[in-house]
Structures are given as structure tokens and as C-alpha cells.
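J.:
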Amino acid sequence: MSTFEVDVNGRRRIVAVERLPQGWFKVTVDGASTMVDVERVGQFGLSLLFPEDGHLSGTVQLAPAASAGERLAVWEGISVPVTLNGRRHASTDGAGGRAKGEQKIVAPMPGRVVRVLVSEGDEVEARQPVVVIEAMKMENELRSPVAGRIREVAASAGTSVEAGRVLVVIE
Amino acid sequence: MSTFEVDVNGRRRIVAVERLPQGWFKVTVDGASTMVDVERVGQFGLSLLFPEDGHLSGTVQLAPAASAGERLAVWEGISVPVTLNGRRHASTDGAGGRAKGEQKIVAPMPGRVVRVLVSEGDEVEARQPVVVIEAMKMENELRSPVAGRIREVAASAGTSVEAGRVLVVIE
Amino acid sequence: MKLLIANRGEIAVRVIRACRELGIPTVAVYSDCDRAARHVRDADQAVHVGPSPAVESYLRIDRMIEAAKATGADAVHPGYGFLAENAVFAQACADAGLTFIGPTPKAIERMGSKTGAREVAIAAGVPVVPGTDAPLGQHATDDEILREGGRIGYPLMVKAVAGGGGKGMREVRSAPDLLAAVRTARSEAGSSFGNTAVYFERRLLHPRHIEIQLLGDHHGTVVPFVERECSIQRRHQKVVEESPSLAVTPALRERIASAAARVASAVGYTNAGTIEFLLDQDGSFYFLEMNTRLQVEHPVTEMVTSEDLVHWQIRIARGEKLTLDPAHALTPRGHAIECRIYAEDPDLGFMPSPGLVRGIRPASGPGVRDDSGVTEGFTVPVFYDSMIAKLVAWAGNRPAAIARMNRALAEYEVLGIKTTIPFFRWLMGQQDFIDGRFDTTYLDHVLADRDESFSALSEPEEQRIAIAAGLDAWLKSASSPGQASGSQPANAWKTAARREALGG
Amino acid sequence: MKLLIANRGEIAVRVIRACRELGIPTVAVYSDCDRAARHVRDADQAVHVGPSPAVESYLRIDRMIEAAKATGADAVHPGYGFLAENAVFAQACADAGLTFIGPTPKAIERMGSKTGAREVAIAAGVPVVPGTDAPLGQHATDDEILREGGRIGYPLMVKAVAGGGGKGMREVRSAPDLLAAVRTARSEAGSSFGNTAVYFERRLLHPRHIEIQLLGDHHGTVVPFVERECSIQRRHQKVVEESPSLAVTPALRERIASAAARVASAVGYTNAGTIEFLLDQDGSFYFLEMNTRLQVEHPVTEMVTSEDLVHWQIRIARGEKLTLDPAHALTPRGHAIECRIYAEDPDLGFMPSPGLVRGIRPASGPGVRDDSGVTEGFTVPVFYDSMIAKLVAWAGNRPAAIARMNRALAEYEVLGIKTTIPFFRWLMGQQDFIDGRFDTTYLDHVLADRDESFSALSEPEEQRIAIAAGLDAWLKSASSPGQASGSQPANAWKTAARREALGG
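Just so you know, the sequences run in chain order X, D, W and F.
Our numbering puts the first sequence at residues 455 to 625.
Our numbering puts the second sequence at residues 455 to 625.
Our numbering puts the third sequence at residues 3 to 506.
Our numbering puts the fourth sequence at residues 3 to 506.
#1: Do residue 203/F and residue 133/F have their C-beta atoms within less than 8 Å of each other?
#2: When the Cβ atoms of the stretch 244-263 of chain F are set against those of the stretch 88-107 of chain F, are three or more pairs found closer than 8 Å?
#3: State buried or exposed for residue 252/F, treating a residue as buried only when at least 16 other CB atoms are found within 10 Å of its CB.
#4: Which residues mark the beginning and the end of the beta strand (DSSP E) in which residue 334/W is found?
#5: Hey, which unbroken runs of the alpha helix (DSSP H) at 4 residues or more fall wholly within the stretch 112-188 of chain F?
#6: Using CA atoms only, rank isn't needed, just tell me which of 42/F, 352/F, 206/F, 25/F is closest to residue 32/F.
#7: Where does residue 550/X fall in DSSP's three states?
#8: Go to residue 240/F, then tell me how far its alpha helix (DSSP H) extends in each direction, as first and last residue.
#9: Give me the chain F residues within the contact set of residue 489/X, using Cβ-Cβ distance strictly less than 9 Å, ordered along the chain.
#10: Step through the CB atoms of chain W and report whether any lies within less than 8 Å of the CB of residue 508/D.
#11: Please report whether the beta-carbon of residue 368/F lies at a distance below 8 Å from any beta-carbon of chain W.
#12: What does the alpha-carbon distance come out to for the pair residue 184/F and residue 200/F?
#13: Identify, in the order they occur along the chain, each residue of the same chain with its Cβ nearer than 6 Å to the Cβ of residue 577/X, setting aside the five sequence neighbours on each side.
#14: Taking 8 Å as the cut-off, decide whether the C-beta atoms of residue 336/F and residue 398/F are in contact.
#15: To the nearest angstrom, how far is the alpha carbon of residue 354/F from that of residue 520/X?
#16: Residues of chain W with CB closer than 9 Å to the CB of residue 623/D, please, in chain order.
#17: From the DSSP output, in three-state form, read off residue 485/F for me.
#18: For residue 455/D, which residues in the same chain have their Cβ closer than 8 Å to its Cβ, ignoring the five residues on either side in sequence?
#19: For residue 280/F versus residue 360/F, is the C-beta distance shorter than 8 Å?
#20: Is residue 388/F closer than 8 Å to residue 346/F when the C-beta atoms are compared?
#21: Could you work out which residue in 443/F, 7/F, 476/F is closest to residue 240/F when comparing CA atoms only?
#22: So, are the CB atoms of residue 607/X and residue 556/X less than 8 Å apart?
#23: Let me check one thing: in DSSP terms, what residues is residue 518/X bridge-paired to?
#24: Give the residues from the stretch 422-434 of chain F that approach chain X closer than 9 Å (Cβ to any Cβ), ordered along the chain.
#25: Can you check whether the CB of residue 77/W is closer than 8 Å to the CB of residue 101/W?
#26: Give the residues of chain F in contact with residue 405/W, contact being defined as C-beta atoms less than 9 Å apart.
#27: Alpha carbon to alpha carbon, what distance is there between residue 538/D and residue 551/D?
#28: Please list the terminal residues of the continuous alpha helix (DSSP H) segment that includes residue 376/F.
#29: Which stretch, first to last residue, makes up the beta strand (DSSP E) that contains residue 408/W?
#30: Nearest by alpha-carbon distance to residue 115/F: which of 293/F, 384/F, 312/F is it?
#31: Tell me, please, whether the CB atom of residue 609/D is closer than 8 Å to any CB atom in chain W?
#32: From residue 23/W to residue 44/W, what distance separates their C-alpha atoms?
#33: Counting only beta-carbon atoms, is residue 522/X nearer than 8 Å to chain W?
#34: Please tell me whether, using a cut-off of 7 Å, the distance from the CB of residue 371/F to the nearest non-hydrogen atom of the ligand MG is below it.
#35: Might you give, ordered along the chain, the residues of its own chain that have their beta carbon closer than 6 Å to the beta carbon of residue 315/F, omitting 5 neighbours on each side?
#36: According to DSSP, simplified to helix, strand and coil, what is residue 433/W?
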């Protein structure tokens, strides 16, 4: 049996995978187990069947996303970020909690910083605008992907930034 | 510079590839050279531009085919088999000639051999029917992919065969 | 309603799409080799029904009923092929309290016998191809067979009473060949349909295959649609269908459609069905048979009439009234052509070419509809019909539809296996096809005379592919770990194959 | 004819498809970052025209003309955006002997000035939104600006005379905000269009955006089409368009279409163009502006009228007469809806989300049209508009078209980057959208009030994704070379990333 920490949409779950003799898997998510028949389809797809759970069927695509180590899961037209934190550490107690660690907000394209809406130490909510950047002649709000506290503001209004430049760090 | 033997649609060509300083390639096919700007697209695609040859553009897909070592090139809806025989051997004189070597005709599906239309030693033309196999309740003619001589007949009428079973060898 | 699709591949995907649009949950069934098939993944639920051979899975009536019970499905769509025209299956659904999306078991049985269907047509005043009235049973003597053949005249067709899809069918040009043909047809029919009865029909010399789609509701309404032209056949199997037919005038359309409606009404037909006719060169038409199910070529009708036949099938089964305007159903908007894309190698006598689909990029854009049933990573199995997609082009008129089909075929990419796309590219360029000069004998004749490959490329095109292969090898060797650029190119594809085998 | 497409992305692909159907060879142009773009690969020839920033490539008139000369192209299609409404470009094409697929330079110039276009409409007897007749030049004093604002009344819109696409546009609710808004609009307009002139228009409170597509030939015929409803806008940018509009009766359609035709005829308009109107709640409509080019939303018109607008553009430019039936062009068949799929993250304020497309499986099947411009392996660049596809659903009526769009969105897979698909899935389920209760202010209002993610999944759905991720890691570690099954799963995705980086 292998155990993984998986963050889906910013929510951490503990996933234990055990292969059963007949080829199915017993997968336990946050303590609840289910039987899964899985097949790879194409480069990034997994077809899941739940033979003991109403014969439910579904396909999840897990393709690498722009940020290294992150995958973008696609399910019925909805895509959500997924990260895998590897084997469960004995000290981890984050089951069911919010994902921990810092989040960097980077410029997704070259542009000019128009406004910085937060200061170090501010508490922000998920999806709260933090920086406004002008690119392609349109102003775009950059929002925090998570709730947290601003640890660092590395951008100032009026400066030009390259794509990938870190603007704000949230913890 | 690297030189390859490439069989396209059963026709062998000598292809020499040389990278030029500006990133383009000088590619020589059977002695005639052309300038090529190439980009990979997706898993199997190559976008080719010929900047000194009327700015021609085209995409070739080169995906692995059922037979090991063979690729199926797709060009504008047409697919043709391609094999790569590696570095040119000093002794090879097959430039422009027909591909050499034996060809095996295998059963593409489980079925029953209905008729064998050739005998050992027969000369066959490309696409000449050699074996008739019944599967899915339909009779299907298996044809020789190349012109050649029958070296071996390993099938006999009335027997059942598995998919992949060698029926006839042509040299 | 929750609907179980007792089928696989592209038709199962087609039905699932309709259900999603109507808000109906779906249940797929699958055999061993179809575990990762698209229809399994697209459905809300999926039930394994047996090993790969169809007789052990998709033809198992008991397993279908069990799968419906296990998932709470209360309706069944049979698709086409497999159990679609099996009256016993339709009855088993009814007995299990499941709504069968199709006609009644009685209608299936009545029209499923070719000789029985001929009787219905004759009674409805619809002309049939001259032929034997009663089937020739297993015990008919050689003398009886030869006498009956002589009465019909040669050439004639020997047909299995329970036949379909070109199986159990033989053409006989003169009396000496008759007995052998009857034996072969019987043997095929026995193994395919479990019924060795055959009958004879006169062989028309240059007939077109014209068919009328129709819908019937449970309130006595039958609506026939504009004809489909299905004369492009290889060994009695349709490969290209279109609507409307160049050979059918509006006046003739009225007459054929009304004949079709009379036959359907005569058996109180409900749901979707198709009546096939042969159209002779002199404009006379003859009832051929009825298909008591949806057809592969239903999209061309949908495209020229703006109706959704699968939606209607479900609505009719729910008891809804057919509210569509009969005049509208007979008035084509523009022209639609369908090509059946098979996993077959047209250059090796259309041999099935099953295998791993390494990638698929269907054609798209204006006027193009792709109903494909496979995705990247699926292995086309050897066990079933090898059609992987129906590609349909619509345009304001037939020449524009052909031009669009050509465009669509050129942009359609299927990687890793051979398909019939090169054959269709060739066909769309044939002057006889473009001019509409064809009948059901056209394709077999042209193919018999033809020796060139459908995949022939020009010298510059072959050179370009050679260039691509050389560059591919160069780039692969340059990116191989632990190798200097181009040092060991000979192994480039082998190294790549190892990596690909490792990768997901 | 050989046609150069002075554009990129999905519209270039759209034009190439039309050319292939008409047998016309095509020339693509590309900037540095578009070397591997689909339009480059689909064209017969492709010419590099400069670095990635549009001003150095796609906006370079000289490079376009040079590319045409170098390849022997004799016609130019400008698409939309970039040089499509640039009279200087149209004139440069004419001067170089190239057929410009669009209106005359004079018509572009005349209708390109928003105040000039208002004058044309007024002269043609078509009502315009009350506003300033002459633009406010760079030297207008604060007093003059405030006086003019008072005359129009608040709320009002400040608009750039040369504007378009929501740029150089500001809403002003009361007098104190006017001067600042004029300054901002001028600054945006100056950097976007090189022209700082602005004018004021009264802000209607709840207008719908209704527009009329039209075609004009070189023989004096102008044909208007059934309206498009484009009120679903985010920050003045259309995101969903449909045809017909629920708010337009056949009688109103006749009146708006005839007003549009009068405006076009007044300037001797040729080729494709669109006249935009605001429709007030009381049924009055006002001329807003004219777009002298093809529009992004042209497919919805094509789907409900069965006409191909790009084919017509080319045929008109060749001198052909507009032979289509005007009554037919005004009679919609069913209902069509288009969603503009952008590479944007709707959960982060619709931030552009450029990057590598790891895979794309567009929706398909009955009634669905996908015009996408990217393929697997293409990196969506940061330099241009981030629209990657137009997805269109057609059905017999609006509820069925919405249901079909929902089905299509759910089956559309774009891997590796975020797109606006989740936003559209949400929108298609909003009761106000379903009921047609919306105007141009609807979407911004709803979005301002909304705080939830568009990508929210149910608990079971999130669990399923977690299960997939765990199984993916397990399978990857099991297939890693030199590792026992599951022994070091922590590194599974990193190992996979290395392999993916190595692979082609």
C-alpha cells in the first residue's frame, strides 16, 4: 500500500492506494475506502470505474500545468489544480485541512503594474484582487488563489514586469 | 551531418541531415538538398517549412504503427508506412531502389483460413491476394504489401489462426 | 428515465450525447476489450457484460437485462447491429419492464423476415423486386431450387431470409452456379443468423439503392423523410451515403415516401425505421426490405431536415406525439454526404487494421460533423465491425458538400492505424461520383479494375515525408540522454519506442 | 486566386478552410511565437513577418505586402482584429494590385470614425444614441467638456472616436467623474489607436446589444441577415452570442434589418459588415457603430441561415453577384449559440492563462461546430487575444441549443491550461440566461456580486480526482525503470516530468 498527499482545488486529502489480486485497487481517501477499476487512456487520461459503487464511470485527465509539479485535472469540462506531495510524513496532521505553504503570484504575461492593492501583513481572501497589471492594452486583476497573509510584495506601480516575475507572496 | 536510410511507401531513400548555425537544417534526399525549418508539434508531429522553396508549409505525423520499428506517416489524410534503417552502411547501394528484406503477412485478427492462393516459390505482385481469411463472418483477402517471391507458406485452408500468426513470408 | 445503451463504439457515443442533451442518465455496457472505450468513459455508469467475442457479451440478452436491473435503468437503446433487430431482445426488455427504444417485437419479427416483409409490401400495394414468394426451406431439393431459379430468371440474388449487412447474400449469373451459391449463402446465414432459409430475387442490372427514413409515434402518425442515396457500396456494404439523391425528383420523392409510409402503417410501425428500395434506370422502384432500427447513415437525414432522430426515438418511446411538419421532413435543406471511416487498409483489399490509436484529430469547422467512437490510447479491437467514425459534410449544394468533404478528409488525422480515409479522398475526386453517375454496381466494378494504391503520393510529397523522418531521427538522437548530438542516430526510433513504452 | 491571410489563430484557420473548399491556395503569415501555430501548418505556404509583438509583425502593413509578393498571392483576407479595419492597409493592398477581401478603403475610413458613422446613420434616417455630434479634440477645455456632458445627461459613455473592442471606453455616472474618465479614455485611445479624440453618448440603462450582419456585392445589392444577440458581455467584450434574439419579433427584425441596409447602402458598402444597435426596453433601437469586417460571432448567423459568409466574402471580392434570397437571410432556422473559449482563468478574474496545450479534444457530434485554432503541443502566446476556440451549438430551438451547448462544454477537453469553459458551464445554468432576461449590464453585475469559484466541484467529484491522482502516482511509480512497485511513489510525478521533457 502506498499513501499520498493530494491537493485538489487547494484542499489536501490523504489517499492510500492498494492493488488487489484481481487487478482492481482499493483506494482510501481521508479514511473512506472504495473499489476502483482504472485504465489509462491516452497520455494523461485515467478511466475510473467504481464497480461496487453503482458502477459509476468517469474520466479524469491529469496533464502537467504551467507551474512545475502541478497538474491540471479536467473533469467534465471543469479543470482544477492538483498537486501531489508524495508519501505521507509521519508528522503531517493536515488531513482535510487547507493546503499549507506559500503561494506566489506571478505575472502571467509581460506588462506594466498599474496598481498594488495589498501590503505586507494584510490578510486576503481567496480570489481577492492583489495586483492590477496592464497587458495587451487591457487592465487585468491578479487575484490570490488562496486565503492567507501577504508575506511579501515584490511589485510596485508603474514598473514593467516580465512573464513569470513574482509579484506577491502569500503564506 | 547524419545520414539515414528511410523507406517511404516501400521506396528507400538516403536522407542526410545537417544542422545549420541559424537553426535550420540542410536536408539532402538522394543527392538533392533543401533548406528546412522544422518544429515539433505534439507527440508525433513535425511542422516543416521550406523557406527557400516557395515558403511551402506542411505537417507530417509520424506515429508508431502496429509492426515494431515501423511508423505510419500521415500527410493530408493519406497514411504511408515509413521505416528508418539507421546509419547508412558503406556497402549499401540501394539508393532509390525497392526496400529489401522479407515481409511477413500475418493474420490481423483471429479467424479461419478459407483459401491459400499462392505456393512457395511463386512470384507475386504488390497488392496481389495471397490468403483468404474468414473473420467477423466476412471473407477478407490478405494481400502482399510488396512485389516478391513467396518464401514460405505457413497457413493451410480450414485451420483457425490467432491474430498475429504468420501466414506467408515474402522475400 | 435512465437509459442503457446495449451497444458500443460510435453509435453508443451518439446515443449518450442525445441523452445528455435531454437530461437522461446513461448506462454503458462493455466487453473485455472495450474496458477503455469512449462509450464506457462517456456514460454515467458502465457495466461489464462478458468476454470480447460478441456472442459472449454484446449479444447476450440476459446480461443486458441484468445490467439494466443492476443500475436501475428503465429504458434500453439497441443502437444498430448486435441485438438491434432481435425481436426476442425487444420482448425480453418488455417482459423486464424496460422501455425498448424501437418498434414492437411483433413489428421487428414481421419485417425481419425478408419474405414476410415482401408480403406486407405487396399487400400495401408497393411493388417488390420479382422473386420467390415463399422461402426455400432446408429440405428443398436441387430440382425445386433450379426450377424456382429458372422462374425468376438470371442474373438473380440468393438472399438469407434473416439476412442483413451483405451477409448470406450471393449473386448468381447463370443456372450452373445456383446450387453452389445456395449452399454458401445457407452456410453463412446459418452461422450468422441461425436460420438457413433463403429466397431468390431478380438482380436488377443497374439499380440505385434509395431508402426512406421514417418515424412512427404511438398515436398512429407515420412521417417519412427525404430519401437517402446509398448506392456507393462495396460488396453490398454501404460506404458513402448522401441526401438528397440526384436521381430523385420531387415528384418521385413523394411517390417513394408515400409507398414507404404505407408499408410502415400496414404493420402499425412505431419509432425509427428505414425502408429500402431499388430504383431502376426507368424510374420504377421496388421494395427491398425494412430495417427496424436506426441506421448508420441517419446523420445525413438529420443534416438536411434539421431534425434529431435519436431525440425523436426517445421522445416517441416516452409517448410523445410526432409534432414535426411532414412537408418539412420531405424538403431537403442543402446536401449532406457521409463517409464511414473504417480501421481498414484500402490498399490491402480493405483488410481490417485494428490496433492502438496513437492520436486522433477529427475534422471540424463549418458544415462538418464528426461522430467518432474512439480516442487516443484506445486499441481498436478485432472482434467487431471496424468503423471508427462517421464523417458528415453539409453544404448548400452537392458540389460544395463534396468540396467540403475533401477538405475535411484532408484535415482528419488518425495516428497509428490505417483507415479508409485515403480511399474516400480518391472517391471524392472520381468524375463519375462527382457527376452522380453510379448505381450499386459502380464501386465493385471500379475497384476490380483498379490496381494503384489509394495512398500514392507524388514524388515531392514522398520526399517531404522522408525529410520529416530524417529530421525526426536527428531530433530524437539529439535529445537522447547521454548521447552527443547525432552520434548514434541508428537507434533513435528504438530509444524512442522504449521511452514511449515506459510513458503513460 | 491565391490568398494571403493577414491574421493568425482560429480566424486564419477558418479562412484557410473556406479556401480549401473553394480550391484556392493559401499563404499564412506568422510571428516568432507562432512558428508552430495551426494556421501556419494548415496553409500551403507560410511567411515569417517579424517578432512576436503585434506591432512588429501582424500590424506591419509593409511585411504583409512583401509576403504576398514573395509568394505570388493576389488577394488578402484581413480576418478580424489587427489590420482588419485599417483603411491604410486596404489602400496599400489596392496599390500593390492585391484584392482586399473586404470593403473599400473609403468605406472603412468613413465608418471607422464613430462620429462619422453616426452622421451617416442620421443622414440615412436611422436613430442614433443621443450624443455629441462632433468629437472633442485634444484641446477641448475642461469647461467645454463639462458643458457637453451636461447637455447629454448622466449616466453617459465616453468613447474613443477610433475605438473598438471595449478599449478607450468609460462609463461616467455623474459630472465629477467626467474629466478623469475623459483623461483615461484619451490615454488608452492614444496608445491603442494613435488618436485621442473622444465623444459622449447617453448611457441607456438596460439596453440589449443587437446587431445585423450584412453582405454587399459590387453590383449594388445589400442583403441584411437575421439579427445576432450579443448582450452577454464582460467589460464591453462579447463572450456569448446567439441568433435569433428572444427580444426581436419578426416585425422588429424587418425594421432593424432595413435600417442596417439603409446605412450600408448610404456608403455603397461592399463585402461583409455588421451594424450594431442598442435595443432599449421600450423597443426603440439606436445605431451604435459599424464593423467593416467579418465578426467573431459570424458562425451563429451561418448556422441559422445555412449560408457561408467567408465563401461569400471571397465570391463577392471576385465580382460575383449576391444571389441569395433576402427573405431566406432574414428567416432563422432553429437557434445557434456561440461561446468564445479563452485561455483565461475565470476563477482569477479571467486572467490570461497562456501556456503549453498538452492536449485538446474539441466537442463534436450532432449540432456542434468547433472553430478552434490550437492543437496539442502549441504554446498559447501572451502577445495576442487569448481566444483559442469558438464553440457553436445549434438546435431546433433555444432551450435545446442551451442543452446541447452544455453537453458540448462537458465533453470539451483542453489539457495543460485554464480556459473559460467552466464559466460557460455555469452561465448555461443561470436561470436569467435560460429565460433570456439579460441586457448588456447583466454579466458584469452578476460577476461583481459573485464570489464562488466557477470550478467548484462536489465532494464526490473532488474525491474522484484525488483517487485519480493517487492511482496515477501509483501507476507511474510502478512503471518507473529500476523501481519496485510503489517503492518510491513520492517521486512519481517528478520522474514522469523528466520523461515527458525528454520525449518528443
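Backbone N, C-alpha and C define an ideal beta-carbon position, used for all residues, glycine too.
As the structure is a computational prediction, the values presented were derived from the model and not from experiment.
T.: This is what the structure holds:
#1: yes
#2: no
#3: If you draw a 10 Å sphere on the C-beta of residue 252/F, you find fewer than 16 other C-beta atoms in it, and that means exposed.
#4: No beta strand (DSSP E) holds residue 334/W; DSSP gives it neither H nor E.
#5: 116-125, 144-154
#6: 42/F
#7: Here the model assigns residue 550/X a pLDDT of 35, short of 50, so the residue's position is not dependable and the matter cannot be decided.
#8: Where residue 240/F is concerned, there is no enclosing alpha helix (DSSP H), although the beta strand (DSSP E) it sits in stretches over 239-245.
#9: Per Cβ cutoff of 9 Å: no residues; residue 489/X is ~11 Å from chain F at best.
#10: no
#11: yes
#12: 8 Å
#13: 603
#14: yes
#15: 12 Å
#16: Under the 9 Å cutoff, chain W gives no residues; its nearest Cβ is about 16 Å from residue 623/D.
#17: Because the pLDDT of residue 485/F is 43, which lies under 50, any placement of that residue in the model is unreliable, and the number read from its coordinates should be weighed accordingly. The answer is coil: DSSP assigns residue 485/F none of H, G, I, E or B.
#18: 470, 471, 472
#19: no
#20: yes
#21: 443/F
#22: no
#23: 525/X
#24: 423, 424, 426, 427
#25: yes
#26: 22, 23, 24, 25
#27: The pLDDT assigned to residue 551/D is 35, lower than 50, so where the model puts this residue is not dependable; a value taken from the coordinates is nonetheless given after this. Whole-angstrom Cα-Cα distance: 15 Å.
#28: Note, residue 376/F: premise wrong, no alpha helix (DSSP H); not H, not E.
#29: Segment 400-413 is the alpha helix (DSSP H) holding residue 408/W; no beta strand (DSSP E) there.
#30: 293/F
#31: no
#32: 13 Å
#33: no
#34: With respect to the ligand MG, the structure shown offers nothing to examine, as it has no ligands at all.
#35: 103, 273, 274
#36: helix
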